[in-house]
Every structure is written in C-alpha cells, then in structure tokens.
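**Student:**
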Amino acid sequence: MSFLVDSIIMITSQVLFFGFGWLFFMRQLFKDYEVRQYIVQVVFSVTFAFSCTMFELIIFEILGVLSSTSRYFHWKLNLYVILLVLIFVVPFYIGYFVVSNIRLCKYFLLSYTMFSILLFTSFLQWIQ
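Residues in the sequence shown are numbered consecutively from -2, following the numbering used here.
In structure tokens:
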C-alpha cells in the first residue's frame, strides 16, 4: 500500500476512535450528571483515540497490514502527540481548572498564569 492510503486508513481510524471515546465519555462515564467543560470531553476523547491508535499499530505490526515505513512514521507521530497531550495539555488544564476555581485571579490573567506555571514546572523537570 502507498503512504497516502496508509495515512487515510490511520486518520479514519483515529476519527472513529475519537467518536467512540466521545460516546464512551458521555454515555458511560458521566451519564448521571453533566460535564460542563467542553475541553474536558475533547481532551479525553483525543487521549482515548491516540491510545487506541497505538494499540491498532501494534496489531498492524503483528499482522503486517501497513507498510513498515508508514507504520514507523505513524508510530512516531502518535507517540509524540500522545506524550504532548499527557505531559503538557492534561496538566495544564488540571491546573487551569484548579486556579480558575480559586477566584483570586482575574479571568484574563488566568491563561497567562497557567502558562507561566507550566513553563516553570517544565524547567524544573528539565534541570533534574
């Protein structure tokens, strides 16, 4: 298969996994009460989709479904994206929602405060 066909297969499966993650989040995890933050639903669904895609790539490696170069490219891409989401995006939004509930920060300063805290903690992890 060509790289384009392999990429279309991977993008289609990621869209389907995102939809399944969204349905699972809304129907199973939080069926009794509302989650008002739209970004929480999106971050969960993105994390779910990329985790399922990593598992799919392992299955494709065993079965030899895609070409080895495209599997390697999509493996590296998915790995970097899921690491970005898990290391930067999820902690940022956890801190963002914690700080936004304090009511000491103004709303327009909230994003800048959280971004500076994220950079500071990233620097602390880097120097260790």
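From the three backbone atoms N, C-alpha and C, an ideal C-beta is built for every residue, glycine too.
1) Determine the DSSP secondary structure at Ser97, reduced to helix, strand or coil.
2) Among residues of its own chain, excluding the 5 on either side of Thr44, which ones have a beta-carbon nearer than 6 angstroms to its beta-carbon?
3) Would you call the stretch 11 to 24 and the stretch 39 to 53 touching, i.e. three or more CB-CB distances under 8 angstroms?
4) My understanding is that Leu60 touches Asn75, with C-beta atoms under 8 angstroms, so please give their C-beta distance in whole angstroms.
5) As a quick exercise: from Thr9, Thr50, Tyr69 and Met23, pick the residue whose alpha carbon is nearest that of Val37.
6) From His71 to Ile5, what distance separates their C-alpha atoms?
7) What three-state label does DSSP hand Val62 in the structure shown?
8) Might you give, ordered along the chain, the residues of its own chain that have their beta carbon closer than 7 angstroms to the beta carbon of Val78, omitting 5 neighbours on each side?
9) Suppose you measure from the CA of Trp123 to the CA of Phe94; what does that come to, to the nearest Å?
**Tutor:** Answer, in terms of the structure:
1) helix
2) Val82
3) yes
4) Rounded, the Cβ-Cβ distance is 18 angstroms, inconsistent with contact.
5) Met23
6) Between His71 and Ile5, the C-alpha separation is close to 11 angstroms.
7) coil
8) Phe47
9) Pairing Trp123 with Phe94, the inter-Cα distance amounts to about 25 angstroms.
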